[in-house]
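What follows is a set of notes on a single structure, which appears directly below.
There are 2 protein chains.
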Amino acid sequence: MNKTVLLAHGSGGRLSHELIEKVLAPAIANPVLDKMDDSAVFEVEGKLAFTTDSYVVNPLFFPGGDIGRLAVCGTINDLSMMGARPLYLSLSLIIEEGLALDDLKKVMLSIREAADEAGVRIATGDTKVVNKGSADKLFINTSGVGAVPADIEISGANARPGDKVILSGPIGNHGIAVMSSREGLQFSSSVQSDCAPLNSMVARMLEVSRTIRCLRDPTRGGLATTLNELALQSNVGIVINEDTIPVDDGVRGACEMLGFDPLYVANEGKLIAIVDPDESGIIVDAIKKDKYGQDAAVIGEVTGDHRTRVAMKTTIGATRIVDMLTGELLPRIC
Amino acid sequence: MNKTVLLAHGSGGRLSHELIEKVLAPAIANPVLDKMDDSAVFEVEGKLAFTTDSYVVNPLFFPGGDIGRLAVCGTINDLSMMGARPLYLSLSLIIEEGLALDDLKKVMLSIREAADEAGVRIATGDTKVVNKGSADKLFINTSGVGAVPADIEISGANARPGDKVILSGPIGNHGIAVMSSREGLQFSSSVQSDCAPLNSMVARMLEVSRTIRCLRDPTRGGLATTLNELALQSNVGIVINEDTIPVDDGVRGACEMLGFDPLYVANEGKLIAIVDPDESGIIVDAIKKDKYGQDAAVIGEVTGDHRTRVAMKTTIGATRIVDMLTGELLPRIC
Chain D
0 MNKTVLLAHG
10 SGGRLSHELI
20 EKVLAPAIAN
30 PVLDKMDDSA
40 VFEVEGKLAF
50 TTDSYVVNPL
60 FFPGGDIGRL
70 AVCGTINDLS
80 MMGARPLYLS
90 LSLIIEEGLA
100 LDDLKKVMLS
110 IREAADEAGV
120 RIATGDTKVV
130 NKGSADKLFI
140 NTSGVGAVPA
150 DIEISGANAR
160 PGDKVILSGP
170 IGNHGIAVMS
180 SREGLQFSSS
190 VQSDCAPLNS
200 MVARMLEVSR
210 TIRCLRDPTR
220 GGLATTLNEL
230 ALQSNVGIVI
240 NEDTIPVDDG
250 VRGACEMLGF
260 DPLYVANEGK
270 LIAIVDPDES
280 GIIVDAIKKD
290 KYGQDAAVIG
300 EVTGDHRTRV
310 AMKTTIGATR
320 IVDMLTGELL
330 PRIC
Chain C
0 MNKTVLLAHG
10 SGGRLSHELI
20 EKVLAPAIAN
30 PVLDKMDDSA
40 VFEVEGKLAF
50 TTDSYVVNPL
60 FFPGGDIGRL
70 AVCGTINDLS
80 MMGARPLYLS
90 LSLIIEEGLA
100 LDDLKKVMLS
110 IREAADEAGV
120 RIATGDTKVV
130 NKGSADKLFI
140 NTSGVGAVPA
150 DIEISGANAR
160 PGDKVILSGP
170 IGNHGIAVMS
180 SREGLQFSSS
190 VQSDCAPLNS
200 MVARMLEVSR
210 TIRCLRDPTR
220 GGLATTLNEL
230 ALQSNVGIVI
240 NEDTIPVDDG
250 VRGACEMLGF
260 DPLYVANEGK
270 LIAIVDPDES
280 GIIVDAIKKD
290 KYGQDAAVIG
300 EVTGDHRTRV
310 AMKTTIGATR
320 IVDMLTGELL
330 PRIC
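These protein sequence lines map, in sequence, to chains D and C. Each residue of the first sequence is one higher than the one before, counting from 0 in numbering that gives the first Met the number 0. Each residue of the second sequence is one higher than the one before, counting from 0 in numbering that gives the first Met the number 0.
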């Protein structure tokens, strides 16, 4: 077999079948995928969550992860943020002609490992190959379906004044990790992406509370943009305390050097939960029991004041409005 | 608003929200999509079909369709080929910086029209923007879910010797239409893509028969490759009659000039059905009642001889083996 992906690997003909049989399918084989019909078919019942994301991260491999792990975790997390138990993912590859087969194999292995960790299966897939120069190495789309328990009603529109805002851990690691590997910057070589599946964390949270109002993962646009989305969607104000927002030293250093605000830097393994104030303690404790949530904390609360806006009490005691990201901080972060 | 897509439209921040609110969401608004949470949530029950496809067709607009119509129809058809009633699609865009907003709007309109025609909703979406030169204008992923009736068991593995092979209409139109618009070839300016949703055709077929063995749409790799897939998957032989395979004059002329074999040219609105011989008549009649199936015909049969191979009786009376596509005929046809 050739050592790089050829245009004919995307023809739908003999070489496509070879690529699927030798490189793609073996990594992610399971009884649903292996039928190789035009769609996967499986039994479901009740409320279904359905989501999609395309991943165009550059470079493909970065400290703490790669595009494969990212593509699985990102879609698992979008399902988890509805309280859904992720069931099946689809996997669609757009490959630039000339991609090294070894790189493709590494990505497929990451996909398998992340899917195994999260307990989901790849049910269906697709592969396209485009001419050299028509894409940048590899783009991945994953879509996913998950089962939402009948009594769960989580939405970005459910926050109420008085609710507490919980953050599951330190912010900005994914963005800085990708940025440092892209630019070859040395200052932050110790920063790893936080890219992780959050479905087990959410399962722990749902064990102790069935009335969580909002869950969202602060990816592109960072914590600040996601909080703004929630404030808009629920028509409430949100106040956060700068003191309580964890930022790792490596991320802080990199941000200071580059003039970035960690509030706007992307995360791929963190969640924001907006919860009833009476339950915030047990929910923080539940998150802390998860391997990806040991630094969880209440970082603020929901208010009936300054509706649709987010304010932050700074470490020096001032209060400032924290707006949505404007412009583009770091293209192709996910 | 700017007249082209900017990198910041993919930031996840303010401009992303603007693009979604002003350009993307209005075209495809519906109550499920409009909640704008991390996943869509809806009720389902029973057997679910789930499929995905990324579309990288070049050019974006071609006679008879565009990438938007293609992306909706292709995924609807993959669901339909399992006997599923398509319910919801996801829509994920990878946009090259600099794409004209007018082109994006035209594509979104096509998406809406095709979704309306097929009676499906866009439930969830995602937008990424990559730097100029990192993608070619626009790639679209659609994934889809559909409901499979409990008594339907359609699979490429179900063909049996004695079964009849039905083709729903003339072949090669999509491939030749895209090719002619790409290369600026004039000879075939009259050839239109056959890009169409086949769910209503399949519904008509299921009204008259609940025991259809295999359905598949002969897209990339054409009729020949798809028949080879079915022969392999079912471990049977297939014999087709060249005389009975409809090819439009424009397609035939273009193929002769370019040295293409229409058997290998892509279709986006045709299906192959393998059915019990006793039911082939009523199924052909049902297909003919559909607007996209007026030229349906039995084109061959399944045999216990030459298992995994496809043979064709030619118009001059010879029999030749018809292999899977090798190499790449037309890159980026879908």
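Each residue gets a CB set at the ideal place from its N, CA and C atoms; glycine is no exception.
Which residues in chain C sit within 8 Å of residue i, going by Cβ to Cβ distance?
i               : result
G41 of chain D  : Correcting the residue identity first, residue 41 of chain D is Phe in this sequence and not Gly. Those within 8 Å of F41 of chain D in chain C are K46, L47, F49.
M80 of chain D  : D36, D37, S38
L346 of chain D : Here chain D has residues from 0 to 333 only, and residue 346 of chain D is not among them.
G183 of chain D : Within chain C, no residue comes near G183 of chain D; the closest Cβ sits about 18 Å away, beyond 8 Å.
Along chain D, in chain order, which residues have C-beta atoms closer than 9 Å to that of residue i?
i               : result
V129 of chain C : V55, N57, A134, D135, F138, P330, R331
Measuring only the C-alpha atoms, how far is residue i from residue j?
i               : j               : result
M200 of chain D : L100 of chain C : 40 Å
M355 of chain C : V321 of chain C : Nothing about residue 355 of chain C can be read from this structure; chain C reaches only from 0 to 333.
R68 of chain C  : H173 of chain C : 12 Å
L226 of chain D : G45 of chain D  : 30 Å
D242 of chain D : G11 of chain C  : 25 Å
D284 of chain D : L262 of chain D : 24 Å
A230 of chain D : N130 of chain C : 31 Å
T325 of chain C : S192 of chain D : 41 Å
P58 of chain D  : G132 of chain D : 16 Å
D304 of chain D : E17 of chain C  : 25 Å
T318 of chain C : R159 of chain C : 21 Å
L329 of chain D : I237 of chain D : 26 Å
G207 of chain D : A295 of chain D : Position check: residue 207 of chain D holds Val in this sequence, whereas Gly was assumed. Cα-Cα distance, rounded: 15 Å.
L197 of chain D : I239 of chain C : 52 Å
A114 of chain D : V31 of chain D  : 14 Å
Y87 of chain C  : G9 of chain C   : 24 Å
R331 of chain D : V43 of chain D  : 35 Å
A265 of chain D : N266 of chain C : 41 Å
F60 of chain D  : I19 of chain C  : 29 Å
V56 of chain C  : V177 of chain C : 8 Å
I66 of chain D  : E116 of chain D : 16 Å
R215 of chain D : T224 of chain D : 11 Å
S110 of chain D : V71 of chain D  : For clarity, residue 110 of chain D is Ile in the given sequence; the question names Ser instead. I110 of chain D and V71 of chain D: Cα-Cα distance of roughly 6 Å.
For residue i, count neighbouring Cβ atoms within 10 angstroms of its own Cβ and tell me buried if that reaches 16, exposed if not.
i               : result
I273 of chain C : buried
M256 of chain C : exposed
D52 of chain C  : buried
I315 of chain D : exposed
G64 of chain D  : buried
A149 of chain C : exposed
N1 of chain C   : exposed
Q293 of chain C : exposed
K21 of chain C  : exposed
Give the interface partners of residue i over in chain D, defined as CB-CB distance under 8 Å, in chain order.
i               : result
A335 of chain C : Outside the shown range of chain C, which is 0 to 333, sits residue 335 of chain C, and nothing can be said about it.
S154 of chain C : K34, D36
Name the chain C residues that come within less than 7 Å of residue i, Cβ to Cβ?
i               : result
R13 of chain D  : M323, L324, T325
T224 of chain D : G11, G12
D77 of chain D  : D37, S38
L23 of chain D  : Within chain C, no residue comes near L23 of chain D; the closest Cβ sits about 13 Å away, beyond 7 Å.
G220 of chain D : S10, G11, G12
What residues of chain D sit near residue i, judged by a beta carbon separation below 7 Å?
i               : result
V147 of chain C : V40
V144 of chain C : F49, V144
D125 of chain C : T51, D52, S53
A122 of chain C : F49
Starting from the beta carbon of residue i, find every residue of chain C whose beta carbon is closer than 9 Å, and list them in chain order.
i               : result
T318 of chain D : Neighbours of T318 of chain D on chain C: none; closest Cβ ~22 Å, over 9 Å.
D193 of chain D : Ordered by position in chain C, no residue passes the 9 Å Cβ test against D193 of chain D, which lies about 16 Å from the chain.
R215 of chain D : D36, D37
Contact the stretch 249-269 of chain D vs the stretch 283-290 of chain D: 3+ CB pairs below 8 Å: no
contact_flag[the stretch 36-51 of chain D, the stretch 112-127 of chain D] where n(CB pairs < 8 Å) is 3 or more: yes
Chain D contacts from the stretch 280-312 of chain C (Cβ-Cβ distance under 7 Å): none
Contact between the stretch 77-84 of chain D and the stretch 143-154 of chain D (3+ Cβ pairs under 8 Å): yes
Residues of the stretch 88-105 of chain C with Cβ closer than 8 Å to any Cβ of chain D, in chain order: S89, L90, S91, L92, I93
Residues within the stretch 59-70 of chain D neighbouring chain C, beta-carbon criterion of under 7 Å: none
Short-range partners of chain C found in the stretch 195-207 of chain D, where Cβ spacing is below 8 Å: none
Contact the stretch 160-174 of chain D vs the stretch 259-275 of chain D: 3+ CB pairs below 8 Å: yes
Validate contact between the stretch 127-143 of chain C and the stretch 79-95 of chain C using beta carbons, cut 8 Å, 3 pairs: yes
Residues from the stretch 267-281 of chain D in contact with chain C, defined by Cβ distance under 7 Å: none
Inter-stretch contact (C-beta, 8 Å, three-pair minimum) for the stretch 100-116 of chain D and the stretch 21-30 of chain D: yes
Members of the stretch 158-176 of chain D near chain C, C-beta cut-off 8 Å: none
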